[in-house]
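Undergrad: Can you read through this structure? Questions will come right after.
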Amino acid sequence: MIEKLALSIATSIKNVDSEQTPSIEVMKFSLITILHTLFAVVLVAVISLFLGKPGVTLYGMGYFMVLRFFSGGYHIEKSGLCTALSVLLMCAAPFIPLDEKYVYIVNIANLLMMLFFAPANIKGFARIPEKYFPILKLVSMAIVSANFLFNNATLAILTIFQSALLLIKQKGGESE
0 MIEKLALSIA
10 TSIKNVDSEQ
20 TPSIEVMKFS
30 LITILHTLFA
40 VVLVAVISLF
50 LGKPGVTLYG
60 MGYFMVLRFF
70 SGGYHIEKSG
80 LCTALSVLLM
90 CAAPFIPLDE
100 KYVYIVNIAN
110 LLMMLFFAPA
120 NIKGFARIPE
130 KYFPILKLVS
140 MAIVSANFLF
150 NNATLAILTI
160 FQSALLLIKQ
170 KGGESE
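Under numbering that gives the first Met the number 0, the sequence shown is numbered contiguously, ending at residue 175.
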């Protein structure tokens with residue numbers, strides 16, 4: 000459904016100005032990413048309202064998105080599966096109990112994973128020169144370190160999703 004909508008929008012844009020626009024395939028690819036992200040955000044917002052935890056879910060999602068931007072990570076090839084997994088993880092995180100002392104331990108583990116693995120899978124995906132990768136690593140570590148101040152279980156859980164599931168290249172995963 001999203002792929003068809005992206006194709007329709009890309010074709011319409013191309014028809015308006017065929018000389019000044021990228022190819023339909025390039026626009027379709029970008030639109031699929033934008034539409035899936037928008038769909039996931041709206042779905043998380045709606046589900047979090049029904050689950051009674053919209054505040055913690057939405058700020059957790061914002062935290063996760065900012066961290067993901069700076070730390071990178073590997074991608075699931077099927078965008079629908081990515082959307083479903085993202086919605087599930089964002090909505091489940093506030094319900095995963097984590098004692099205060101374990102938040103501290105998880106924060107340390109997350110910080111170490113950022114140190115060793117961030118940024119991951121950025122080369123070839125983002126237009127950020129490699130000379131800035133150490134800055135991306137430091138910003139990622141600063142974002143994770145902020146949770147030592149917040150001491151928030153949801154943020155710790157979401158960061159473990161990012162660092163353990165998306166930063167570390169899984170066997171048989173997508174190649175760089």
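All C-beta atoms in this analysis are idealised placements derived from N, C-alpha and C, irrespective of residue type, glycine included.
If you're wondering where the values come from, they're calculated on a predicted model, not measured in any experiment.
1. Can you name, in chain order, every residue of its own chain whose Cβ lies under 8 Å from the Cβ of Phe-115, other than the five neighbours on each side?
2. Which of the three DSSP states is assigned to Glu-173 in this structure?
3. Got a sec? Which residues, its chain only, sit under 7 Å from Val-65 by beta carbon, not counting five neighbours each side?
4. Closest by CA to Met-113, which one among Leu-154, Val-102 and Met-140?
5. According to the Cβ coordinates, are Thr-153 and Gly-59 closer than 8 Å?
6. Give me the Cα-Cα distance between Asn-120 and Pro-128, rounded to the nearest whole angstrom.
7. Measuring straight from C-alpha to C-alpha, what distance separates Leu-88 and Gly-54?
8. Mind listing, in chain order, the continuous alpha helix (DSSP H) runs of no fewer than 4 residues lying wholly within the segment 90–175?
9. Using a threshold of 8 Å, state whether the C-beta atoms of Ile-1 and Phe-38 are closer than that.
TA: Taking the structure as given:
1. Position 116 of the sequence shown, counted from the first residue, corresponds to residue 115. Cβ neighbours of Phe-115 beyond the five flanking positions: none.
2. Start at 1 with the first residue of the sequence shown, and residue 173 comes out as number 174. No answer about Glu-173 holds up, because its pLDDT of 44 lies below 50 and its placement is not dependable.
3. Here residue 65 corresponds to residue number 66 of the sequence shown, with the count starting at 1. If we look at Val-65 and ignore the five residues flanking it on each side, its Cβ neighbours are Ile-142.
4. Your numbering for residue 113 matches position 114 in the sequence shown. Looking at the Cα atoms, Met-140 is the closest of the given residues.
5. In the sequence shown, the residue the question calls residue 153 occupies position 154. In the sequence shown, the residue the question calls residue 59 occupies position 60. Taking 8 Å as the Cβ cut-off, Thr-153 and Gly-59 qualify as a contacting pair.
6. Position 121 of the sequence shown holds residue 120. Position 129 of the sequence shown holds residue 128. The straight-line gap from Cα to Cα measures roughly 13 Å.
7. Working through the sequence shown from its first residue, we reach residue 88 at position 89. Working through the sequence shown from its first residue, we reach residue 54 at position 55. Spanning the two alpha carbons is a distance of roughly 15 Å.
8. 99–116, 132–149 and 152–159
9. Working through the sequence shown from its first residue, we reach residue 1 at position 2. Working through the sequence shown from its first residue, we reach residue 38 at position 39. A contact, by the Cβ cut-off of 8 Å.
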